[in-house]
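Chemist:
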């Protein structure tokens with residue numbers, strides 16, 4: 837869809853630190869992560885909400901999300917992950933996406949307040965993307 841930043845990333849027209857590019861979706865680092873290694877998983881097709889995802893795509897898309905949850909944990913040496921999705925309300929980009937956030941005990945994340953951070957530079961982001969991709 838024209839003007840959608842996530843569609844631009846899927847089409848490889850908008851730069852992103854990709855960790856997966858598969859028929860069921862594309863995964864890349866969030867540019868303003870809750871914690872470093874925070875990944876967004878998007879379907880290749882422009883869809884706004886979970887209800888728009890065709891039933892026949894559920895297994896493939898959520899299979900990718902599940903694999904990314906394991907890879908983010910391993911690639912960032914986290915204690916676990918937080919997997920979440922906003923549906924229309926609070927979507928900063930109106931394209932279906934699932935957040936996979938690395939978590940560690942005592943990391944300070946509470947409730948639905950998501951403080952954001954930044955990577956020091958592109959090299960640091962590339963390092964996190966490579967570690968997660970390798971863990972896939």
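Numbering (my numbering), first residue to last: 837 to 972. Glycine included, every Cβ here is placed at the ideal spot set by N, Cα and C.
Tell me whether residue 909 is buried or exposed, calling it buried when 16 or more other Cβ atoms sit within 10 Å of its Cβ.
Modeler: Along the chain shown, one-based indexing puts residue 909 at 73. Buried, by the Cβ-count rule.
Chemist: Residues in its own chain within less than 6 Å of residue 884 by CB, not counting five upstream and five downstream?
Modeler: Residue numbering aside, residue 884 sits at position 48 when the chain shown is read from its first letter. So the list reads 930, once near-sequence residues are dropped.
Chemist: List the endpoints of the continuous beta strand (DSSP E) containing residue 858.
Modeler: In the chain shown, counting from the first residue as 1, residue 858 sits at position 22. It spans 854-858 - the beta strand (DSSP E) in which residue 858 sits, taken as one unbroken run.
Chemist: For residue 967 and residue 863, I'd like the C-alpha separation in whole angstroms.
Modeler: Along the chain shown, one-based indexing puts residue 967 at 131. Along the chain shown, one-based indexing puts residue 863 at 27. Those two C-alpha atoms are separated by around 13 Å.
Chemist: Among all the DSSP beta bridges, which residues are the ones paired with residue 918?
Modeler: Indexing the chain shown from 1 puts residue 918 at position 82. DSSP, once it has assigned bridges, lists 937 as partnering residue 918.
Chemist: Around the C-beta of residue 861, are 16 or more other C-beta atoms found within 10 angstroms, so that it is buried, or is it exposed?
Modeler: Numbered from 1 along the chain shown, position 25 holds the residue referred to as residue 861. Per the 10 Å Cβ criterion, buried.
Chemist: For residue 924, which of 918, 915, 934 has the nearest alpha-carbon?
Modeler: As a first step, residue 924 must be located in the chain shown, where it is residue number 88. That would be 934, whose Cα lies nearest to the Cα of residue 924.
Chemist: As a quick exercise: from 970, 913, 903, 932, pick the residue whose alpha carbon is nearest that of residue 941.
Modeler: Start at 1 with the first residue of the chain shown, and residue 941 comes out as number 105. Answer by Cα proximity: 913.
Chemist: Under a three-way DSSP split, which group does residue 876 fall into?
Modeler: As a working mapping, residue 876 is identified with position 40 in the chain shown. Residue 876 falls in the strand class under three-state DSSP.
Chemist: Could you say which of 881, 954, 856, 866 lies nearest to residue 901 if we only look at CA atoms?
Modeler: Position 65 of the chain shown, counted from the first residue, corresponds to residue 901. Of 881, 954, 856, 866, the residue nearest in Cα terms is 856.
Chemist: What three-state label does DSSP hand residue 862 in the structure shown?
Modeler: Looking up residue 862 in the chain shown gives position 26. Note: residue 862 maps to strand in three-state DSSP.
Chemist: Run through DSSP, which three-state label would residue 868 get?
Modeler: Working through the chain shown from its first residue, we reach residue 868 at position 32. Coil.
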